[in-house]
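Below you'll find the structure, written out as structure tokens, and then a few comments.
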Amino acid sequence: MDRETRKRLFEAVARRVIASADQLTDLDRAIGDGDHGTNMRRGFEAVLAAADELSAKALGESLKGVGTTLVMKVGGASGPLYGTLFLALGKSLADDVSREQITEALAGAIEAVKARGKSDVGQKTMLDVFFPVLAVLREGGEGLPARLKTAAKSAAENTIPMRAIRGRASFLGERSIGHMDPGAWSSALIVDAVADVMEGVA
Ligand code: ADP
Ligand code: MG
948 MDRETRKRLF
958 EAVARRVIAS
968 ADQLTDLDRA
978 IGDGDHGTNM
988 RRGFEAVLAA
998 ADELSAKALG
1008 ESLKGVGTTL
1018 VMKVGGASGP
1028 LYGTLFLALG
1038 KSLADDVSRE
1048 QITEALAGAI
1058 EAVKARGKSD
1068 VGQKTMLDVF
1078 FPVLAVLREG
1088 GEGLPARLKT
1098 AAKSAAENTI
1108 PMRAIRGRAS
1118 FLGERSIGHM
1128 DPGAWSSALI
1138 VDAVADVMEG
1148 VA
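Mapping to the working numbering: the sequence shown position 61 is 1008, numbers consecutive.
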């Protein structure tokens, strides 16, 4: 992956998250404290501002740079968790990437998020998006970007009937049911933006 592609990738992801910040805040207002959009906007504005500099390094180092920026800027529960995800991806990816390597890197990054959040799939968090996305990535095949988008969106929608077991939303118990998890939606937006770059539309 060359510098220009890395830059396009970081900018596409950052712009998508920033553009959806109000939506993320609305989701977090329903089952959290209403700061997810503000948190994510702050973090990804920093990524956008530093995209040129971040992308100058090889993929592994630039992903680590994104992770560090998110840890420093996002805050809340999601900052350290997204930071962990990008740092872990950075640790295992080099510029010469195959789908298999990305699959293994994402699998490792999901495990790192689980360890950091003491969380697992099925608890109404961002993991409920990354896990099904990993399965589609592992399958590979025709029309992968479009299938990744569909998987991410429906996975986020599938958090609606779930009861939150981790994070602030878990304080609501049964009342967390019936709302989409904000972190699941921000994860779906990130996957969607990455898929746009894969398709060459961003
Ligand atoms: P906070 O909950 O501290 O206000 P945010 O609102 O920025 O932080 O982020 C909330 C999101 O973080 C949740 O919607 C959920 O997806 C994710 N999250 C929270 N706790 C965990 C956890 N332990 N493991 C995985 N994801 C989590
Ligand atoms: Mg919040």
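Each residue gets a CB set at the ideal place from its N, CA and C atoms; glycine is no exception. Predicted model, so just to flag it, every value in this text is computed and none were measured.
Where does Leu-1079 land, buried or exposed, given buried means 16+ other C-beta within 10 angstroms? As written in the sequence, residue 1079 is Pro, which differs from the Leu given in the question. Buried.
Please check the pair Phe-957 and Leu-1001, which I expect to be a contact at CB under 8 Å, by giving their CB distance rounded to whole angstroms. 6 Å
Give the straight-line distance between the Cα atoms of Val-994 and Thr-1016, rounded to the nearest whole angstrom. 7 Å
Neighbourhood of Ala-1054 by C-beta distance below 7 Å, restricted to the same chain and skipping five residues each side: Leu-1081
Thr-952 burial status per 10 Å Cβ neighbour count (16 or more: buried): exposed
Judging by CA-CA distance, which residue of Met-1127, Leu-1040, Met-987 is the nearest neighbour of Val-1076? Met-1127
Give me the Cβ distance between Pro-1129 and Gly-1037, rounded to the nearest whole Å; I'm assuming they're in contact under 8 Å. Not confirmed; about 24 Å, so no contact.
Considering Cα atoms alone, identify which of Arg-1115, Thr-1072, Val-1083, Lys-1096 is closest to Thr-1106. Thr-1072
Measure the alpha-carbon distance for Glu-992 versus Ala-1093 and round it to whole angstroms. 26 Å
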